[in-house]
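Residue numbers (our numbering): 4 to 345.
Cβ coordinates follow ideal geometry from the N, Cα and C atoms, glycine included.
Note that this is a predicted model, so its numbers are computed, not measured.
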């Protein structure tokens with residue numbers, strides 16, 4: 004389990020609410036906040052009275068340390084929970100971030116990624132105006148940016164429904180901040196991965212299949228365009244940046260990333276190297292996995308985050324990939340580890 008010790012809040016107990024707490028980002032943030040003495044609340048879509056390990060997702064090891072609220076995030080019940088909890092800080096991570104879903108279910112994607120953010124902002128405005136709110140935005144808002152890097156002033160040119168919805172949520176957050184004086188910010192997150200990444204994302208698809216090949220359970224790995232480039236960082240680093248954003252004196256948006264891009268080929272090559280195999284003997288590029296429209300390989304310009312938040316990523320690309328491969332190997336060998344990845 005990740006540990007955090009370098010930053011501490013004030014001595015008074017703070018209350019935080021995390022949407023998407025059972026996922027990758029939410030679980031790392033919950034660990035960070037608990038280590039800083041916060042009272043941590045989260046929401047889950049489960050309707051069962053007694054949450055199971057599956058309901059808790061990657062927070063299963065935090066059972067008893069966090070308070071879960073089971074509700075449909077798209078109903079007025081969310082406003083009631085915010086009014087009741089009166090959180091000092093609210094981190095909005097819940098989203099439909101799998102890019103293909105935006106094309107297949109565009110209306111649902113809009114509701115999940117814009118409608119939910121608007122619902123939260125309205126709840127804060129009406130019932131909990133002191134709450135500081137962070138909206139997890141995405142590098143997808145930059146779309147086909149013509150630059151090599153993107154910062155907070157780079158024009159948004161989204162090309163996917165998800166990117167369009169996240170761009171709209173960014174504008175909505177800024178609008179509420181300006182009109183109502185709410186402390187609301189956008190974390191414009193470049194791709195961030197970990198052993199807790201969902202298996203349908205390409206990074207986990209690679210590391211899971213590498214582990215299976217290493218253990219003799221599979222032979223090949225099919226991927227799409229191997230030359231697609233992304234700025235990949237470690238999710239555990241990024242939640243520290245997001246926490247710091249809500250500790251700042253003034254509400255501002257920040258780009259969070261590493262500043263370096265790698266190709267899918269680079270990722271696969273490194274993953275197979277971790278188990279002593281040559282990726283070229285196992286990987287094939289197939290047409291049906293190539294996205295008809297994809298964003299360019301822009302890197303994050305994190306100059307502002309370094310200067311104001313004193314933040315920079317600690318886990319480099321090679322270490323990130325090896326962490327993920329090692330975790331997938333360990334999980335296949337011992338399935339009980341699946342809900343407690345590092």
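For residue 183, does the count of other Cβ atoms within 10 angstroms reach 16, so buried, or fall short, so exposed? Translated into the one-based positions of the chain shown, residue 183 becomes position 180. By the 10 Å Cβ count, residue 183 comes out exposed.
N- and C-terminal bounds of the beta strand (DSSP E) containing residue 224: The sequence position of residue 224 within the chain shown is 221, counting from 1. For residue 224, the enclosing beta strand (DSSP E) stretches over residues 224-226.
Let me confirm a value: residue 254 is counted as buried when at least 16 other C-beta atoms fall within 10 Å, else exposed. Which label applies? The sequence position of residue 254 within the chain shown is 251, counting from 1. Under this definition residue 254 is a buried residue.
Rounded to whole angstroms, how far is the Cβ of residue 214 from the Cβ of residue 335, which I believe are closer than 8 Å? The sequence position of residue 214 within the chain shown is 211, counting from 1. The sequence position of residue 335 within the chain shown is 332, counting from 1. 5 Å between Cβ atoms; contact.
Label residue 309 either buried or exposed according to how many other C-beta atoms from any shown protein chain fall within 10 Å of its C-beta, with 16 as the threshold for buried. The residue labelled residue 309 in the question sits at position 306 within the chain shown. It is exposed - the Cβ of residue 309 has fewer than 16 other Cβ atoms within 10 Å.
Using 10 angstroms around the beta-carbon of residue 322, count the other beta-carbons present and answer buried if the total reaches 16, otherwise exposed. Along the chain shown, one-based indexing puts residue 322 at 319. The residue is exposed, with fewer than 16 neighbouring Cβ atoms inside 10 Å.
May I have a chain-ordered list of the beta strand (DSSP E) segments no shorter than 3 residues that lie completely inside the region 229-306? 257-259 and 286-288
Residue 272 versus residue 306: straight-line alpha-carbon distance, rounded: Residue numbering aside, residue 272 sits at position 269 when the chain shown is read from its first letter. Residue numbering aside, residue 306 sits at position 303 when the chain shown is read from its first letter. Each residue's alpha carbon lies about 30 Å from the other.
Mind the definition here: the region 212-229 touches the region 186-195 only if three or more C-beta pairs lie below 8 Å; say whether that holds. no
Ends of the beta strand (DSSP E) at residue 136? By one-based count along the chain shown, residue 136 stands at place 133. Residues 135-141.
Residue 228 to residue 47, Cα distance in whole Å? On the chain shown, residue 228 is found 225 positions in, with the first residue counted as 1. On the chain shown, residue 47 is found 44 positions in, with the first residue counted as 1. Cα to Cα, the separation comes out at about 35 Å.
Which first and last residues belong to the alpha helix (DSSP H) in which residue 119 is found? The residue given as residue 119 occupies position 116 in the chain shown. First-last of the alpha helix (DSSP H) with residue 119: 119-130.
Supposed close pair residue 287, residue 243 - CB separation, criterion 8 Å: In the chain shown, the residue the question calls residue 287 occupies position 284. In the chain shown, the residue the question calls residue 243 occupies position 240. Going by Cβ atoms, the distance from residue 287 to residue 243 rounds to 38 Å, so no, they are not a contact pair.
Report yes if the C-beta distance between residue 218 and residue 332 is below 9 Å; otherwise report no. Counted from its first residue, the chain shown places residue 218 at position 215. Counted from its first residue, the chain shown places residue 332 at position 329. Between residue 218 and residue 332, the C-beta gap is smaller than 9 Å, which places the two residues in contact.
Within a Cβ cutoff of 6 Å, which residues of the same chain sit near residue 327, ignoring the five residues on either side of it in sequence? Numbered from its first residue, the chain shown carries residue 327 at position 324. The answer, listed in chain order, is 198 and 210.
Return the residue from the list 138, 115, 114 and 113 that minimises the CA-CA distance to residue 124. The residue labelled residue 124 in the question sits at position 121 within the chain shown. Checking every option, the nearest Cα to that of residue 124 belongs to 138.
Do you know how far the Cα of residue 28 is from the Cα of residue 176? Translated into positions along the chain shown, residue 176 becomes position 173. Translated into positions along the chain shown, residue 28 becomes position 25. If you take the alpha carbons of residue 176 and residue 28, they lie about 20 Å apart.
Could you give the C-beta distance for residue 31 and residue 238, rounded to a whole number, given that I count them as a contact under 8 Å? Locating residue 31 in the chain shown gives position 28, where the first residue counts as 1. Locating residue 238 in the chain shown gives position 235, where the first residue counts as 1. Confirmed, about 6 Å.
Please identify the residue among 275, 316, 162 and 45 whose C-alpha is closest to the C-alpha of residue 329. Here residue 329 refers to the residue found at position 326 of the chain shown. For residue 329, the nearest C-alpha among the options comes from 275.
Where the alpha helix (DSSP H) through residue 64 begins and ends: Residue 64 sits at position 61 when you count from the first residue of the chain shown. Careful: residue 64 lies outside any alpha helix (DSSP H) and carries neither H nor E.
What residue does the alpha helix (DSSP H) around residue 216 start on, and which one ends it? Here the question's residue 216 lines up with position 213 in the chain shown. Note, residue 216: alpha helix (DSSP H), 205-217.
Which residues mark the beginning and the end of the alpha helix (DSSP H) in which residue 94 is found? The sequence position of residue 94 within the chain shown is 91, counting from 1. No alpha helix (DSSP H) contains residue 94, which is instead part of the beta strand (DSSP E) from 92-95.
So the candidates are 195, 153 and 134; which of them puts its Cα closest to the Cα of residue 180? Working through the chain shown from its first residue, we reach residue 180 at position 177. When each option's Cα is compared against that of residue 180, the closest is 134.
Tell me the rounded alpha-carbon separation between residue 54 and residue 73. On the chain shown, residue 54 is found 51 positions in, with the first residue counted as 1. On the chain shown, residue 73 is found 70 positions in, with the first residue counted as 1. Its pLDDT being 48, under 50, residue 54 is placed unreliably in this model, and the coordinates cannot settle the point.
9 Å Cβ cutoff met for residue 129 and residue 82: As a working note, residue 129 is residue 126 in the chain shown. As a working note, residue 82 is residue 79 in the chain shown. Contact flag set, yes.
Within 10 Å of its beta-carbon, does residue 2 have 16 or more other beta-carbons around it, so buried, or fewer, so exposed? Since the first and last residues shown for the chain are 4 and 345, residue 2 lies out of range.
At which residue ranges does the region 161-200 contain complete alpha helix (DSSP H) runs of 4 or more residues, listed in the order of the chain? 164-183
Please identify the residue among 285, 270, 163 and 261 whose C-alpha is closest to the C-alpha of residue 221. The sequence position of residue 221 within the chain shown is 218, counting from 1. The candidate whose alpha carbon is nearest that of residue 221 is 285.
Flag this pair as yes or no: are the beta carbons of residue 92 and residue 17 separated by less than 9 Å? Position 89 of the chain shown, counted from the start, is the residue given in the question as residue 92. Position 14 of the chain shown, counted from the start, is the residue given in the question as residue 17. With a cutoff of 9 Å on beta-carbon distance, residue 92 and residue 17 are scored as near each other.
Where residue 88 sits in the DSSP three-state scheme: For the purposes of this step, residue 88 is taken as residue 85 along the chain shown, with counting starting at 1. In this structure, residue 88 counts as helix in the three-state DSSP scheme.
Quick check: the Cα distance between residue 257 and residue 63, rounded to an integer number of angstroms? Start at 1 with the first residue of the chain shown, and residue 257 comes out as number 254. Start at 1 with the first residue of the chain shown, and residue 63 comes out as number 60. Cα to Cα, residue 257 sits roughly 30 Å from residue 63.
Who are residue 45's beta bridge partners in DSSP? Numbered from 1 along the chain shown, position 42 holds the residue referred to as residue 45. Answer is 21 and 71.
Do residue 94 and residue 152 count as a contact pair if the criterion is CB distance below 9 Å? The count along the chain shown starts at 1 and reaches residue 152 at position 149. The count along the chain shown starts at 1 and reaches residue 94 at position 91. Contact: no.
Close-in-space but distant-in-sequence residues of the same chain around residue 171 (CB under 7 Å, 5 per side omitted): Counting from 1 along the chain shown, the entry for residue 171 is found at position 168. Exclusion of the five residues before and after residue 171 leaves 117 as the residues of its chain whose Cβ lies within less than 7 Å of its Cβ.
DSSP three-state label for residue 153, please. Start at 1 with the first residue of the chain shown, and residue 153 comes out as number 150. In the three-state DSSP reduction, residue 153 falls in the strand class (E or B).
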